[in-house]
Amino acid sequence: MLRVRKSAVGWAVALALTAAGLTPASPAAARQQSAPTIDWRPCATDASAECGTLSLPVDWDRPRGERFDLSLARRVADPSTRQGALVFGPGGPGDSGVDRVVNGSSRFSADLRARFDIVSFDPRGTGGSHPVICARDLLARQPQLIADQAQFDAVLANNTLLRADCRARTGALYDHVDSTSAARDLDAVRAALGERQLTFHGSSYGTVLGQRYAELYPDRVRAMVLEASMDHSLGTRAFLDTQAVTAEGAFDEFLAWCARSVDCVLHGRDVRASWAGLHARAERGSLPDPDRAGAALAPFELSRLAHKKLYDTWRWPELAEWIVRLEGAATTSSVRPLADEAVAPYPFAVFCQDWNLPVRDYREYVGHLGRAARLAPDLRYPPALFALVTCLGTPTPVANPQHRLRVHTEVPLLLAATVHDPASGYGWARNVARQLGRHGALLTYDGWGHGSYTSSPCVARAVDAYLIDQAVPARGASCPAVEPEV
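Below you can see the structure in the form of structure tokens.
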């Protein structure tokens, strides 16, 4: 385990960023005219936490223009042991950091909570931070899967209408919900907290934010954990293929657990055959959802819901029981009615400003579908397929396109990666680690689940030592798997 020695970053960082085509924050943008402030008050739902807002520019290139309020929450550390503030970057996109602090800050150890104020926020365009709002009927027209060229063309047309509608209802912020803008928000949060450097823990989609911050403000990173990291360098095919392989691998691990554990209600059965039967019913439109009266499960939804239940090993028994319930559900052709509200929040808008995933036509789309089915014969429809549909036709260039990371921080970023993560594949973390080089350190958890800090005491100890003392795990460090508990 290495303890980081401080060294000057200097002009070499700016030169490296410029050579990589990245733009560091301008001196005017980086230097606050006056220190921003957060008016902390007891949260309405839990007075033991504090909530507040921070006024920020909608467009960081026009700092004196229109503004919005970023919603934040914190739980303060013990004054006698406090080292500073730890900012948590929520996942999703669309997860609420405010809710995480108010209702779930116990995800961090007691030692961390004693030493750091735990702070998080709802990223711009989500939750309490000027959410993107769109017409519900336009959102409902987005198919989970595209059936033919005519529907492909209809999706392009509807997405154009949807973008115009979201922009009209949301205002100028709609065009500035990308993670580069959010990284500048994050630096404003750091300044408002009075922190000279940022101590950060990002999870899942929050790692895209962390990576971008480290590119823009390398000298302001004190310590940064990227848990279940995304690889923001992949094009359409690589993005789809890696997620398909990741999802199928996680499903294979679930099947292996069922085969060895009597706690699985499918123990001793051919689970793969049962699952294939459910998929066949879903393709025929005759598979009802036992949790929603009158709703039929489409093939994509069947895969999506199963995939979600793979996120935590404690949900594996629930997935097995769900499969049994689906097998016994009566045939139906009903569909779920739309909700009555005319508008709905659309937190996924940020994704289409962070990723350029073009698909030329239906023929190319079908090629992606077929390849995903070959790579993942059980979970045939990786969630990334919906990302292609919802972002189809997005004008380019997008605000924060994929690129290879160019990070030159004094302290290596710590990647906490799970070998059998069902969503953020281990291959993503390894590729990010390669991009970071000596500016990154990979900590491997040889177990299961989306994330590792809360499921592996070994990972938690290593992450805590890094965040508290900047102690970087040795090269090749790993933690053993923790068998699922039921």
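Numbering of the sequence shown is given in the numbering used here, commencing with residue 4 and proceeding in unit increments.
Beta carbons are placed, not taken as given, at the ideal position from N, Cα and C, and that holds for glycine.
Computed from a predicted structure; not experimentally measured.
Sufficient close CB pairs (3 or more, under 8 Å) joining the segment 363-376 to the segment 110-121: Result no; under three Cβ-Cβ pairs closer than 8 Å.
Contact between the segment 392-399 and the segment 246-261 (3+ Cβ pairs under 8 Å): no
Beta strand (DSSP E) segment containing GLU344, residue limits: Under the DSSP assignment, GLU344 falls outside any beta strand (DSSP E); it carries neither an H nor an E label.
Span of the alpha helix (DSSP H) around ALA420: From DSSP, ALA420 is part of no alpha helix (DSSP H) but of the beta strand (DSSP E) over 416-423.
Straight-line gap, ALA474 to ALA195 (C-alpha atoms, nearest Å): 27 Å
Neighbour-count burial assignment, ARG225, 16 or more Cβ in a 10 Å radius: buried
Among GLU321, SER83, GLU488 and SER455, the one whose alpha carbon lies nearest that of GLY205: The shortest Cα separation from GLY205 among GLU321, SER83, GLU488 and SER455 belongs to SER455.
Rounded Cβ spacing between PHE303 and GLN147 (contact assumed at less than 8 Å): Beta-carbon to beta-carbon, PHE303 and GLN147 are separated by about 4 Å, close enough to satisfy the 8 Å threshold.
Given 8 Å, three or more beta-carbon pairs between the segment 54-74 and the segment 167-177: yes
Reduced DSSP category for LEU382 - H, G, I as helix; E, B as strand; rest coil: Three-state result, LEU382: coil.
Burial state of PRO415, where buried means 16 or more other Cβ atoms lie within 10 Å: buried
Pairwise C-alpha distance: ARG407 and VAL7: Confidence is the limiting factor: at VAL7 the pLDDT is only 47, short of 50, which leaves the residue's position unreliable, though a coordinate-based value still follows. Using only the alpha carbons, I get a separation of about 25 Å.
Cutoff 6 Å; reference ALA465; Cβ partners in own chain excluding five residues on either side: Excluding its 5 nearest sequence neighbours in each direction, ALA465 has C-beta neighbours in its own chain below 6 Å: LEU446 and PRO476, listed in chain order.
Inter-residue Cα distance where the pair is ALA444 and THR316: Going by the C-alpha atoms only, they are around 26 Å apart.
Buried/exposed call for ASP42, threshold 16 Cβ in 10 Å: exposed
Close beta carbons around ALA432, own chain, < 6 Å, minus the five adjacent residues each side: SER232, LEU418 and ALA420
GLU230 (DSSP reduced to helix, strand or coil): strand
Segments of 4+ residues assigned as alpha helix (DSSP H) that fall wholly inside the segment 348-380: 352-357 and 365-378
Boundaries of the beta strand (DSSP E) in which ILE149 is found, first to last residue: Secondary structure note for ILE149: it is in no beta strand (DSSP E), with a DSSP letter that is neither H nor E.
Helix, strand or coil at ARG240 [DSSP, three-state]: helix
At least 3 beta-carbon pairs within less than 8 Å: the segment 141-159 vs the segment 95-115: Between the segment 141-159 and the segment 95-115, the count of Cβ pairs shorter than 8 Å is below three; the stretches do not touch.
Short Cβ contact (8 Å threshold) for ASP49 with ARG77: No, Cβ-Cβ distance for ASP49 and ARG77 is not below 8 Å.
Helix, strand or coil at GLU198 [DSSP, three-state]: The answer is coil: DSSP assigns GLU198 none of H, G, I, E or B.
Three-state secondary structure assigned by DSSP to GLY454: coil
Alpha-carbon spacing of ALA285 relative to GLY297, whole angstroms: 14 Å
Per-residue burial, ASP125 [other beta carbons within 10 Å of its own, 16 or more giving buried]: buried
TYR314 versus ALA167: straight-line alpha-carbon distance, rounded: 35 Å
Chain-order list of residues whose beta-carbon lies under 8 Å from that of TYR448 (same chain, five-residue window excluded): ALA419, ALA420, THR421, VAL422, SER455, SER458, SER459, CYS461, VAL462, SER481, CYS482 and ALA484
Cα-Cα separation between ALA138 and ALA345, rounded to whole angstroms: 6 Å
From SER51, VAL362, ALA468 and PRO425, residue whose alpha carbon lies closest to that of GLU251: PRO425
Nearest-angstrom beta carbon gap, VAL135 and ALA88 [assumed within contact, 8 Å]: Not quite, the Cβ-Cβ distance comes to about 28 Å (not below 8 Å), so this is no contact.
Status (buried if at least 16 other CB within 10 Å, exposed otherwise) for ALA309: A residue is called buried when at least 16 other Cβ atoms come within 10 angstroms of its Cβ; ALA309 meets this threshold and is buried.
LEU391: first and last residue of the uninterrupted alpha helix (DSSP H) it sits in: Taken as a continuous stretch (DSSP letters only), the alpha helix (DSSP H) holding LEU391 covers 387-393.
With 16 other Cβ atoms within 10 Å as the buried cut-off, status of ALA171: With a 10 Å radius around the Cβ and a threshold of 16 neighbouring Cβ atoms, ALA171 comes out exposed.
Contact belief for LEU159 with GLY396 at Cβ below 8 Å, rounded distance in angstroms: 4 Å
Supposed close pair GLN356, VAL401 - CB separation, criterion 8 Å: Indeed they touch by this definition, with Cβ atoms about 5 Å apart.
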